[in-house]
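Here's the structure we're looking at; comments come further down.
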Amino acid sequence: MFAFYFLTACISLKGVFGVSPSYNGLGLTPQMGWDNWNTFACDVSEQLLLDTADRISDLGLKDMGYKYIILDDCWSSGRDSDGFLVADEQKFPNGMGHVADHLHNNSFLFGMYSSAGEYTCAGYPGSLGREEEDAQFFANNRVDYLKYDNCYNKGQFGTPEISYHRYKAMSDALNKTGRPIFYSLCNWGQDLTFYWGSGIANSWRMSGDVTAEFTRPDSRCPCDGDEYDCKYAGFHCSIMNILNKAAPMGQNAGVGGWNDLDNLEVGVGNLTDDEEKAHFSMWAMVKSPLIIGANVNNLKASSYSIYSQASVIAINQDSNGIPATRVWRYYVSDTDEYGQGEIQMWSGPLDNGDQVVALLNGGSVSRPMNTTLEEIFFDSNLGSKKLTSTWDIYDLWANRVDNSTASAILGRNKTATGILYNATEQSYKDGLSKNDTRLFGQKIGSLSPNAILNTTVPAHGIAFYRLRPSS
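Sequence positions in the sequence shown follow mature numbering (1 follows the signal peptide of the UniProt record, and there is no 0) and run -18 to -1, 1 to 453.
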């Protein structure tokens, strides 16, 4: 038995044009980088950050765009007599300025963490009421990025206005320092952040914390995937739970301000390869930040080849910044062990007139799936050129790095990294304009008017395509 859902987007200026341009000139594409929390939690140190940065560089990932090295919670030992934050000397013996300088000298950007509360989530000093001192601390230590959490907030939530002003205080303080600092809200989507985040921040979390589960429900993530206005966001939220919550929010994100679906779980837990591909593809397609959550020193080859898939990253970094839309959704009878089962089709426009399309199988068996130009270009009028043209279909995963090559790169074979796309030398936008084949995948056919795009999608897997006007 199928249940059918079709998305009808509200027509608004945000829905048509995206959010307003960046409030501080940053975040013109979703941020990419690495954060320690998903794997290391409070086990942080200067050595961990610098070794991780060196490894990301050696693996060619920095030059693919993963440039923010983000230090999460547990770095502080308190405040000094003047009220300024102090780094833990046992963990960071040379101070935060040393970390920043090392990262900057190697073409990385440095991120740090605090909370809009009396304490951070791990119980360290928070920044509520001390925004100006703490913003100046970050600026003095040459920080480029602030992740700003929501713990111990003294009950200052409950309406969008209350939360807006609490987070705006740090936004104003960061701007006052004169240093460009990417501002990443982590308030779990509380009080409808997607409505007000773009005016004061560059990205905002829109749900509770992700976990490395594709569909498993968890009582610690009490809101189901259709509750976008969740009153208790929780944590241990599955990938499909977060994706479904994000589905109606795309019209409130765009250049300069992004819905953050949380860090990537690729290489963190026990997701299958198909689940990791689907997870990475959908985060890329909805223009979520791509923040590695794994320990890059022990990545398996298959996970590395997902993080380094340039054709998928190019979707995320597309300069028009329009998140894809979920066009349809069916529940299916072949549910998994948790009673979950659905299939979806997503579609979105790209900067150069191309279109990205995903067929997502959240069911428990491999199945045939299909779509048409009428569904892909769901906003187009009948007779539109998009509907009367023929489109070439490119499989975005077809040119994935094989496990043998990925293993060679992980084994520090410098020659092997030469096959990777280098966005430092040539931006994704320029590479697309020059038809760099690494950014398109492999052409597998064409889709003409009134024809059907048919494919087979594995359980908990994805078919992911770029459509280009036929040559």
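Backbone N, C-alpha and C define an ideal beta-carbon position, used for all residues, glycine too.
Helix, strand or coil: which one does DSSP assign to residue i?
i, result
"P331", "strand"
"K73", "coil"
"Q233", "helix"
"Y149", "helix"
"V339", "strand"
"D25", "coil"
"Q138", "coil"
"T437", "strand"
"E285", "What sits at residue 285 in the sequence shown is Ser, not Glu. Residue state, collapsed to three classes: helix."
"T354", "strand"
"P359", "Note on residue identity: the sequence assigns Phe, not Pro, to residue 359. F359 falls in the coil class under three-state DSSP."
"A398", "helix"
"N18", "coil"
"E195", "coil"
"E324", "strand"
"Q408", "coil"
"L414", "helix"
"D377", "strand"
"D242", "strand"
"D131", "strand"
"V294", "helix"
"V68", "strand"
"I52", "strand"
"R161", "coil"
"S428", "strand"
"M94", "strand"
Let me know if residue i comes out buried or exposed under the rule of 16 or more other beta-carbons within 10 Å of its beta-carbon.
i, result
"S415", "exposed"
"H261", "buried"
"K396", "exposed"
"V237", "buried"
"residue 470", "Since the displayed the chain opens at -18 and closes at 453, residue 470 lies outside it and no answer follows."
"residue 462", "This structure gives no information on residue 462, because the portion of the chain shown stretches from -18 to 453."
"K44", "buried"
"E195", "buried"
"Q72", "exposed"
"A340", "buried"
"K158", "exposed"
Out of the options, point me to the one whose CA is closest to residue i's CA.
i, options, result
"L342", "N334, T353, Q13, K73", "T353"
"R61", "E100, V81, N298, D83", "E100"
"V248", "N234, I274, N241, S270", "I274"
"R198", "N404, S189, H218", "H218"
"R394", "Q13, D36, S453, R187", "D36"
"N280", "S4, T21, Y5", "T21"
"W57", "S315, A23, Y50, S63", "A23"
"T102", "N132, V125, S180", "N132"
"S386", "K282, G181, R448", "K282"
"F446", "G344, L378, F176", "L378"
"D336", "R450, F176, T34, Y5", "R450"
"V192", "G216, A183, Y210", "G216"
Got a sec? Which residues, its chain only, sit under 6 Å from residue i by beta carbon, not counting five neighbours each side?
i, result
"D54", "D17, N18, W19, Y95"
"Q322", "T197"
"Y410", "A296, Q299"
"S166", "K129, S185"
"P305", "G232, A235, V268, K269"
"A292", "Y403, R420, L421"
Going along the chain, which residues of its own chain have a beta-carbon closer than 7 Å to the beta-carbon of residue i, five neighbours each way excluded?
i, result
"N302", "P331, L332, D333"
"D208", "N226"
"E258", "V248, S285, I288"
"F139", "S145, Q172, D173"
"G179", "L167, W186, G239"
Are the C-beta of residue i and some C-beta of chain D separated by less than 7 Å?
i, result
"L243", "No chain D is present in this structure, which holds just one protein chain."
Within its chain, find whatever has a CB closer than 8 Å to the CB of residue i; leave out the 5 residues flanking it on each side and keep chain order.
i, result
"S366", "F359"
Assess contact between the region 25 to 38 and the region 198 to 210, defined as three or more Cβ pairs (one per stretch) separated by less than 8 Å. Is contact present? Because the criterion of three Cβ pairs below 8 Å is not met, the region 25 to 38 and the region 198 to 210 do not touch.
Decide if the region 213 to 231 is in contact with the region 166 to 175; the criterion is three or more beta carbon pairs, one per stretch, under 8 Å apart. The region 213 to 231 is in contact with the region 166 to 175.
Segment contact, 8 Å Cβ cut-off, at least three pairs: the region 113 to 120 with the region 148 to 165: Taking 8 Å as the limit for Cβ pairs, the verdict is that the region 148 to 165 does touch the region 113 to 120.
Using 8 Å as the cut-off, can you tell me whether the region 278 to 290 makes contact with the region 376 to 394, which would need three or more C-beta pairs spanning the two stretches below that distance? Contact holds: three or more Cβ-Cβ distances are below 8 Å.
Is it true that the region 2 to 11 meets the region 290 to 308, where meeting means three or more beta-carbon pairs spaced less than 8 Å apart? The region 2 to 11 vs the region 290 to 308: in contact.
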